[in-house]
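Chemist: If you read the protein sequences in the order shown, they are chains W and S. End of the first sequence = 376 in the working numbering, gap-free, step of one. End of the second sequence = 1232 in the working numbering, gap-free, step of one. Structure provided below as structure tokens; questions to follow.
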Amino acid sequence: MDAAGNHKRLQALARAAVGVLLLGAAAAVMLPFRGEMARALPAVVFVVPIAVAGLVAGRAVAIATAAAAAGTFNALFIPPYATFGIHGPEDIVAFVVFGFVAIVVGTLVSREGERRQVAEQRASDLETLNAELQAVEQERQRLAEEANKAAILERLDEQRSALLRSVSHDLRTPLGGISAIVSDLLSGTAYDEATRAELLGLVASETERLDRLVANLLSMSRVEAGALKPDCKPFAIDEVVTATVRRLGRLFAGRRVQLELPSQLPLVRGDYVQLEQVITNLLENAARHAPPSSTVRVGGRDVGSHVEVWIDDEGSGVRPFERERIFQPFRVGDGSSSTGMGLAICKAIVDAHGGTISVDNAPYGGARFSFRVPKA
Amino acid sequence: MTGELVLVVDDEPVIVRALSAALQARGHRVAVAINGAEAMAEVATRHPDVVILDLGLPDIDGMEVCRQLREWTETPIIVLTAQGAESSKVEALDAGANDYVTKPFSTPELLARVRVALRSRSNPSDQETNVLITVGHLAIDLAHRRVTLKGREVDLTPKEFAFLLALARHPGRVITHQMLLREVWGPEYSDEVQYLRVYASHLRKKLDDDPARPYLVTDPGVGFRLVDPDDD
């Protein structure tokens, strides 16, 4: 405290000395020419040390310097020299005017200096505040990011457990049917040939259902890993559509499937296996929503640079606000028993082919799912 | 036991078809409901002898169907539950279900449970009127509080006897931990599940139970049942 106080006092003294030193220097420079100079010149020059003193050392020092300057002016530059006496009214006026100007300049300049100091203090306070504010803001952003990350992780976690729930449900449903039938047949229940064949047919279709589900799970993991790279070659997509409809015939029991494929449908360029999966998933989706004894229409057409394949059902359709969402993976809480994986895979595959997929109203009611892939 | 009407309540067509075929092959008549509302209507109009009820129905929770049916009918209910849902099994039994089978199930096992349910219905051993209960080679003489296995007397403590009797009154049917504790030890003991483990192991030792073909069967997390090991 004492050392700091001393230091401050020394600094103030040094600043006060600046005015006196400048005053001395100016007087010393002008002294040899005092006989030849206009009387006003030293007065004007002396304003400089006063102003400097005011700037660096404040008002009191400025006034002290002004008094010293007045004394110096009177003693050295107003005859008779080396005395404080003044002769003649002209010199009195000059002295008084000088004194007045010196005090006013000293006051103004020192006031300006004080203002500047206050402004500087304020600026530095503002800077400190600003820095603190920035730190707070950074902290806030960091916390917000963390909260966001936590929310995303929680959402991912929810999606994963929803996926697990629905996948295990979807896997178990066909397994339940297979287990019920096979355990019954193994126990030697006496069935007639037709019933036995019917039950075995159900086992076969449930096995196929499991196989499709596993294929979708594999594709989904490829999509998630970003490893869904189509191996593109030219092929006739209408032939794949026809073969897939025949393969999935069992799914459409009690419904009719009508093919509307033009005979001259151009070849497409794409991955045969992946696009077959798209058609399979869309047909399975249609079978899930087509009411009994309705017709499912499957067709294709040339749309310029692309070929379009469409599948219409006569079900309840897809409401407009769900048309985007329906292609997102693992839709949670939509009440459907399916994983919602099939359509998401369709979109991922069609996107990877540079194509588009969409759902719309079918001309005979129900939903129309259609996708477009580039021509060969 | 031909001609009994079995109501199958499930929204999975393959399960419905498999069960219908198996039940009909054994001479039962079959009614089908694919949701809870249909199930309640079928029970009300057709009075089935037993109901096989899937808990995962599209409209009403199967548990609720069970509860509502129990408000007015004693028809045996066998619930089908998803694997790994012990709490829902206990809840279903508390809601009045007679038994449960876990999906995926084996049809012969489900049919055995159907037989148990039908038997308990046609032969009310539930009532105290029976002085002798037999389960396979196990005979429980209520009047003399005596238990014999293949004619040989089994010496049981009073609590062990009460434990065995609680199960033997409903042969083949699962009795939950809470039911057993309430009946044998009293309502204030309904959380002391470890008692049951101890007494079950005593009983198994005294009955010389074969773990592969036991009389006393544990339903993990749910309860116990007494079965005839020679019943298929």
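Quick reminder that beta carbons are idealized off the backbone N, C-alpha and C, glycines included.
Out of curiosity, what's the CA-to-CA distance linking Gly1136 (chain S) and Asn1098 (chain S)?
Modeler: Those two C-alpha atoms are separated by around 21 Å.
Chemist: Could you check how far apart the C-beta atoms of Ala380 (chain W) and Ala94 (chain W) are, in whole angstroms? I think they sit under 8 Å.
Modeler: In this structure chain W extends from 1 to 376, so residue 380 (chain W) is not present and cannot be described.
Chemist: For the alpha helix (DSSP H) containing Gly54 (chain W), list its first residue and its last residue.
Modeler: Here the alpha helix (DSSP H) through Gly54 (chain W) covers 40–57.
Chemist: Ser183 (chain W) versus chain S: which residues are under 7 Å apart at the beta carbon?
Modeler: Here the neighbours are Ser1106, Thr1107, Pro1108.
Chemist: Assuming the contact rule is C-beta atoms closer than 8 Å, Val18 (chain W) and Met30 (chain W) should be a hit. Round their C-beta distance to whole Å, please.
Modeler: That pair is no contact at about 19 Å.
Chemist: Mind checking whether Thr1081 (chain S) and Val1043 (chain S) have CB atoms under 8 Å apart?
Modeler: Not a contact, by the Cβ cut-off of 8 Å.
Chemist: Just to check, is the beta-carbon of Cys346 (chain W) closer than 7 Å to a non-hydrogen atom of the ligand HEM?
Modeler: Judged by which ligands are present, the structure shown has none, so any question about the ligand HEM falls away.
Chemist: Using CA atoms only, rank isn't needed, just tell me which of W:Arg172, W:Leu22, W:Ile326 is closest to Asp360 (chain W).
Modeler: Of the candidates W:Arg172, W:Leu22, W:Ile326, the one whose C-alpha sits nearest the C-alpha of Asp360 (chain W) is W:Ile326.
Chemist: Figure out for me which residue from S:Trp1185, S:Asp1230, S:Ala1033 has the closest Cα to the Cα of Pro1214 (chain S).
Modeler: When only C-alpha atoms are compared, the closest one is S:Asp1230.
Chemist: Quick one: which chain S residues come within Cβ less than 7 Å of Tyr272 (chain W)?
Modeler: Per Cβ cutoff of 7 Å: no residues; Tyr272 (chain W) is ~31 Å from chain S at best.
Chemist: So what does Phe1150 (chain S) bridge to, in DSSP terms?
Modeler: The question names Phe, yet the displayed sequence has Lys at residue 1150 (chain S). According to DSSP, which records beta bridges pairwise, Lys1150 (chain S) is partnered with nothing at all.
Chemist: Does DSSP classify Ala1037 (chain S) as helix, strand or coil?
Modeler: Helix.
Chemist: Would you list, in chain order, the members of the segment 1147–1166 of chain S that have their beta-carbon closer than 8 Å to a beta-carbon of chain W?
Modeler: Hits within the stretch: zero.
Chemist: Could you say which of W:Leu171, W:Ala253, W:Leu163 lies nearest to Ala198 (chain W) if we only look at CA atoms?
Modeler: Checking the sequence shown, residue 198 (chain W) turns out to be Glu, not Ala. Selected option, being the one with the closest Cα: W:Ala253.
Chemist: Report yes or no: is there a C-beta of chain S within less than 8 Å of the C-beta of Thr419 (chain W)?
Modeler: Since the first residue shown for chain W is 1 and the last is 376, residue 419 (chain W) is missing from the structure and cannot be characterised.
Chemist: Hey, which unbroken runs of the beta strand (DSSP E) at 3 residues or more fall wholly within the segment 265–307 of chain W?
Modeler: Runs of the beta strand (DSSP E) inside the segment 265–307 of chain W: 268–270, 295–303.
Chemist: Could you give the uninterrupted runs of the alpha helix (DSSP H) lying entirely in the segment 188–231 of chain W, keeping only those of 4 residues or more?
Modeler: The segment 188–231 of chain W contains these whole alpha helix (DSSP H) runs: 193–224.
Chemist: CA-CA distance, Arg1119 (chain S) and Ala1168 (chain S)?
Modeler: Whole-angstrom Cα-Cα distance: 14 Å.
Chemist: Quick one: give me the first and last residue of the beta strand (DSSP E) that Asn361 (chain W) is part of.
Modeler: Residues 356–361.
Chemist: So Gly355 (chain W) packs on Arg372 (chain W), CB below 8 Å; how close in whole Å?
Modeler: That pair is a contact at about 5 Å.
Chemist: DSSP state of Gly1223 (chain S), grouped into three classes?
Modeler: Reduced to three states, the DSSP call for Gly1223 (chain S) is strand.
Chemist: For a cutoff of 8 Å on Cβ pairs, would you count Lys1089 (chain S) as touching chain W?
Modeler: By this cut-off, Lys1089 (chain S) is not an interface position.
Chemist: Nearest by alpha-carbon distance to Pro266 (chain W): which of W:Val309, W:Thr83, W:Ala243 is it?
Modeler: Cα-wise, what sits closest to Pro266 (chain W) is W:Val309.
Chemist: How many angstroms separate the CA atom of Val398 (chain W) from the CA atom of Ala225 (chain W)?
Modeler: Residue 398 (chain W) is absent from the model: chain W starts at 1 and stops at 376.
Chemist: Cβ atoms of Cys346 (chain W) and Val278 (chain W): under 8 Å apart, would you say?
Modeler: Their beta carbons are under 8 Å apart, which means Val278 (chain W) touches Cys346 (chain W) by this criterion.
Chemist: Taking C-beta to C-beta, are Arg15 (chain W) and Val56 (chain W) nearer than 8 Å?
Modeler: Yes, the Cβ-Cβ distance between Arg15 (chain W) and Val56 (chain W) is below 8 Å.
Chemist: Is the Cβ of Ala1021 (chain S) closer than 8 Å to any Cβ of chain W?
Modeler: At least one chain W Cβ lies under 8 Å of Ala1021 (chain S).
Chemist: What did DSSP end up calling Ser370 (chain W) once you bin it into helix, strand or coil?
Modeler: Strand at Ser370 (chain W).
Chemist: At least one CB of chain S closer than 8 Å to the CB of Arg160 (chain W): is that the case?
Modeler: No, no contact with chain S.
Chemist: Can you check the segment 1089–1121 of chain S for any alpha helix (DSSP H) of at least 4 residues that lies completely inside it and give the ranges in chain order?
Modeler: Within the segment 1089–1121 of chain S, no complete alpha helix (DSSP H) run reaches 4 residues.
Chemist: Report the three-state DSSP secondary structure of Glu139 (chain W) (helix, strand or coil).
Modeler: Here Glu139 (chain W) sits in helix by DSSP.
Chemist: Go through its chain and collect everything with a Cβ distance to Ser219 (chain W)'s Cβ below 6 Å, but skip five positions before and after it.
Modeler: Cβ neighbours of Ser219 (chain W) beyond the five flanking positions: Ile345.
Chemist: Mapping DSSP to helix, strand and coil, what is Phe95 (chain W)?
Modeler: Phe95 (chain W): helix per DSSP, three-state reduction.
Chemist: Since Gly249 (chain W) contacts Glu314 (chain W) with CB under 8 Å, what's their CB separation in whole angstroms?
Modeler: In fact, because the Cβ distance is near 18 Å, the residues do not count as touching under 8 Å.
Chemist: What residue range does the beta strand (DSSP E) around Leu1005 (chain S) cover?
Modeler: 1005–1009 is the extent of the beta strand (DSSP E) around Leu1005 (chain S).
Chemist: Give the straight-line distance between the Cα atoms of Val1006 (chain S) and Lys1150 (chain S), rounded to the nearest whole angstrom.
Modeler: Answer to the nearest angstrom: the Cα atoms are 35 Å apart.
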